[in-house]
Structures are given as structure tokens and as C-alpha cells.
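Numbering (our numbering), first residue to last: 2 to 616.
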């Protein structure tokens, strides 16, 4: 069971776009006959943004191949589930939800449009990636965004902060804070302020940690609808004659030249894909670049199916190795999330009314008629903390010594040592870098404990940067088979210790005023959960991911485990790029959607520069 899945899907239905456009969408056979300068493999968050920006150049012809549909009504949305078999989570398989359709996961996530702290983007730059520091990437966050000023009510009641100097005002993605919030949430906010968390500011300013605020969400406040890649980037530009989208077609592989060029690189010459409505296969040629944009799971799989990856692994599945690049699919990272649920007074309106058919119908009717009510809701409070707010200095020093022993006993690679040196600094008792996220939501996270006509709240604990690393690889030569996913959860003891400490703190917050006044009962785990063994068992039985898979095609020097260079070109090729969160070398202490848009925007400018149309 995955906590909160049913509510996530209900919220998606409410806040998806409704409408239709006359788009240049063609059938698979027609697509194959066209002459494209660029082909984007995957019309997700970054891929759609990238394709639209490239099509701003009228001389560029851009094709997009997307496996899903174009969902013009919320009821049509599909969720693409793949299964992860993590270690150390009681032998459970947990599903990883992705949006299957134009716009990708931006049409199914919880809409957080958030940046990590300045230090984290600067760290990416310091890993050998010029052009990716905070100062260099911030303009691309702003380019993607059209921010709205919070209302007086949002400022006074949920402490919405807004700084126009650091926000975008002309971008496609409409952003705001939630206009509906439950009275169960302000006490959680107040408890964190009393702990010393900063508040009443726009924390997209690069602040690293130790703040609490209502998160910026990709919601158009004028219509109270989700603003995402398809309706905000694509729809306004769908009639461009040089932008062509192919739907319901699965990329099978990128075609590469037979011979290397004078620099020893192979050239991407086209893409082979399958029409999923007819099962017919086609190959389309490309004149300039192929850009893989399938996300943290699909992109490494596409590269491996194209013969780019660990030679031994690929040949074991009958895939011809074209470029031996063993770090494709390695360095897999995701966040891990643990929910706790509590009873609150039944007089408090919470998201739980959506599980009552009559109240749900009434709320939906209110939303469709007036665009008000619970169906406009989003997460209304979130906090990022450094570890020194969770445990004391002596504990951090003991954890660090234990971790050093574990890490260096494994004879880590040079690339892992680089990452480790950065992550280890967060264990310093004086560090103020984000290490744990907390958020509260007015809903029961566990369906089996939900009772009709009762109100609940949940507190989520999300460690920001696991030391453990997993992998995502093909498990056959069949492009339609899901890859093997191993998050390698709790491979290092410290990851379990941080999750345990954060989860305990989540419980302890409910014993502090004013939150204590509204918590009627501990629902799950029960109030008698006390020992470390009991808490660890609870975590093992219930923890999941918030669906932030990344880092599987890392942007690093090749000798340090890199797959792409700072301009996102795959090593060993001259014109094959990757543009999505798989290129991150380390996961960020935030939700990843805004960074995905920034990657798409940044990639578009790199390509325009490389082809002499942007100076």
C-alpha cells in the first residue's frame, strides 16, 4: 500500500486542465516522413518546455515523441506505475507514479514549484559543471514562471511570502499559493516558528534551510487550475508549424552512426519508435540533435536500449554495445517519505471529505461552478531543517564517525568520494543546509484507518539527501518492459538513523502547543509506538517515495562517473543530449519540478547557442 495515493489522484483530477486546442499532432507514419532538425524523446516536464523553446526559432523543425496521450480533460489522465523493489523496507515493492501523457509528471504531482538552497546549485557547479551555479540557473527558474501576488488573506492567514525581485513574471507556468487551507494546518506552522524556523518571507531566494512557509504551487489563481507543461508551454504554441507532436508512441532506441567522427564520437541519426495503437515500428531521421527527456527512470533505459551503457550488462541482454558508458543508470537517488496520521476535531474541514461520495460530489460541483472550495487545495505548509535542529552535536559526531567507517571500507570510486565530501558537510553540527523536509496536510495518509465523517491531519518526514545510491537498468532487450529499479534503501546506516530521528520529531511536534490542542489521537502509528525497533519497523512497513527519481545520467566529468557533459551531450556522441532531472549529479533538498523546467529552459539555450542563433 502506498500512503496518500487516492488523494493524489483526486487532486490531480481537480486541478488538471480542461479544454482543447488545434494542435499539430500527427500519426506515426506521417511523423516518420518529416525532416526534423531536433527530436525530443519524451514530452514530459522538461521535454515539453525544451521543445517549445526550440520551436521559437522558425528555422528549427522540432518533433516530440510521447508515449502517452494529450489529456484535455482531467478524467482522462493516466498514471504510469513502475515498481521498485527496495531493500530494507520489509520486502515490499513500492510503486513509482509517473504521468503518462504530454506534460509528464507535471500533470500528476503535488505542484510544488520550489527551488533548493543556493548552496546546492553551487555544489553542482563545483562538480565540474560551468553554467549551473545558483546565479547561472536562477534566470531559468524565472523564465519558466509567471508568479502571482498573494492575497491579503493568504499573507495574513498562512504567512505567504512574496519577493517580486526573485520571481518570474512572464513565464508560461502560473504560480501561486493554495487559496484553500484547513484550520488544522496553522497550528503546525506555529509550532515550527516557536522552534526557531524563519517565516514570512519568500524562501525561493536561495535560503538553504530552517524556514517554514506555504509552498509556491503551479496553480493558476485566476482559474484555480493546474498549470503544467502541456497547457502552459504547449497549448499557447501548438499551432506553430515547426512543432510537431507524436502521441501514443514509444521510443525504442536512438539510432547511431556506424562510424565515429574525427573526434571519436558517434552521431545520433534518428529515432526508432513503436506506434502503440497499431504496434507498427518506424524510424525518423534527424539533422541536428536528438534529446532524450524521459526522466530519471526512462532516460537511462532509452540510452541502454540504444547501446549506450555498461557493455557487459547490455551484451548479457543481447543489446549491441555502441558506447561503453558504465555509469548510465547508476547513482540513482530519490527521496524517501514517512507519513504519520492523527485525528483532529471533526469540526475541522479536511481533504477527507473527498472520500465521502456525497460530500465529494458537492465539493466537485462547487469547484466546477465557482472554482472554490477543497478541490482548489494544495499543500499549505512546508519546512526544511538542518540536522542540528533534529539531533544534538554529539549525536552528529557519532553518526559521522560511523559513516566514515562504512563509506571508506567500500573503496568508493573517485566520483562517489566527490559527492560524499559534499554530503558529509551537512553532518557538521554548525551546518545550516537542508537535511529534512516536513510538511503537514489535512488528510489521513492511510486508507485502512480512515473512518467516515472524521477529520485527520498527516505529518510527512522526508530526508533530503540519502547517502545510499541505487540503480536503474534494463532487465531485457525488450523496450516495452519496465527496467529493474533498485533504490538500495538504507544501504548506509545513517540514512535509517536520519529517517528515524525525523519521524520521531514529527511525533514530538504534536506534543507542543498549539498543535497539541488539536491532535485528538495518534492514528498511525499508534501512541504506544516508542522504542527504536518499533519506529524502524513502522518505517519499514510504510515508507514510500514522493516520486522524485533522478541522477541516473549524471552531469559529471566522465572520469568521475558522468554520463553527460555540462552542455548535456552524452559522452561518446556529438549530438545526443539528455535534458531532465536524470542529469543531476546529486538529488536536491526540494521538490524537483521547478528544477526540471529550468533544465529544459537551460538546455534550449545551450542548443540555440551551439547552433548560432543565441549569443
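Backbone N, C-alpha and C define an ideal beta-carbon position, used for all residues, glycine too.
Counting along the chain, residue 425 sits inside no beta strand (DSSP E); it lies in the alpha helix (DSSP H) bounded by residues 415-425.
Burial is judged here by how many other beta carbons sit within 10 angstroms of a residue's own beta carbon; residue 472 has at least 16 and is buried. In the structure shown, residue 338 adopts extended strand secondary structure according to DSSP, grouped into three states.
Contact between residue 499 and residue 549 fails: their C-beta atoms lie close to 17 Å from each other, not under 8 Å.
Following the DSSP letters along the chain, one finds residue 253 inside the beta strand (DSSP E) bounded by residues 250-257. Exclusion of the five residues before and after residue 328 leaves 562 and 564 as the residues of its chain whose Cβ lies within less than 6 Å of its Cβ.
In the DSSP assignment, residue 369 falls within the alpha helix (DSSP H) that extends over 358-371. Between the region 429-449 and the region 405-420 there are fewer than three inter-stretch CB-CB distances shorter than 8 Å, so the stretches are not counted as touching. With distances taken between CA atoms, residue 556 lies nearest to 297 out of 297, 615, 311 and 590. Assigned with DSSP and collapsed to three states, residue 588 falls in coil, not helix or strand. Cα atoms of residue 509 and residue 277: separation of roughly 51 Å, rounded to the nearest angstrom. With fewer than 16 other Cβ atoms inside 10 Å of its own Cβ, residue 406 counts as exposed. Residue 251 and residue 303 have their C-alpha atoms spaced approximately 10 Å apart. With fewer than 16 other Cβ atoms inside 10 Å of its own Cβ, residue 94 counts as exposed. Comparing C-alpha distances from residue 457 to each of 175, 257, 351 and 517 shows the shortest one belongs to 351.
By the neighbour-count definition (other C-beta atoms within 10 Å, threshold 16), residue 62 is a buried residue. With respect to the C-alpha of residue 325, the residue from 266, 235, 545 and 71 having the closest C-alpha is 266. With contacts defined as CB atoms closer than 7 Å, residue 307 and residue 255 qualify as a contacting pair. Boundaries for residue 177: no alpha helix (DSSP H) harbours it, and the DSSP string shows neither H nor E there.
Under the three-state reduction of DSSP, residue 114 is assigned to coil, being neither helix nor strand.
Of all alpha-carbon atoms in 43, 348, 104 and 572, the one lying nearest the alpha-carbon of residue 580 is that of 43. A distance of 7 Å or more separates the beta carbons of residue 520 and residue 530. Within the DSSP bridge table, the entry for residue 222 names no partner.
The C-beta distance from residue 205 to residue 387 rounds to 18 Å, too long to fall under 8 Å, and the pair is not in contact. With the rule of 3 Cβ pairs closer than 8 Å, the region 177-184 counts as touching the region 155-169.
Boundaries cannot be given for residue 615, as no beta strand (DSSP E) includes it and DSSP labels it neither H nor E. Around residue 134, the same chain offers 122, 123 and 126 as residues with beta carbons nearer than 7 Å, after the five sequence neighbours per side are excluded. In this structure the region 52-67 lies against the region 229-241, because at least three pairs of beta carbons, one per stretch, are closer than 8 Å. Rounded to whole angstroms, the separation of the alpha carbons of residue 467 and residue 528 is 28 Å. For residue 496, the uninterrupted alpha helix (DSSP H) segment begins and ends at 494-510. One alpha carbon belongs to residue 70, the other to residue 208, and they sit about 38 Å apart. Look at residue 140 here: in three-state DSSP terms it is helix.
Under the DSSP assignment, residue 283 falls in the beta strand (DSSP E) whose first and last residues are 282-293. Checking the DSSP bridge columns, you'll see residue 58 has no partner listed. Collapsing the DSSP output to three states places residue 432 in coil. With a threshold of 16 other beta carbon atoms within 10 Å, residue 369 falls short and is exposed.
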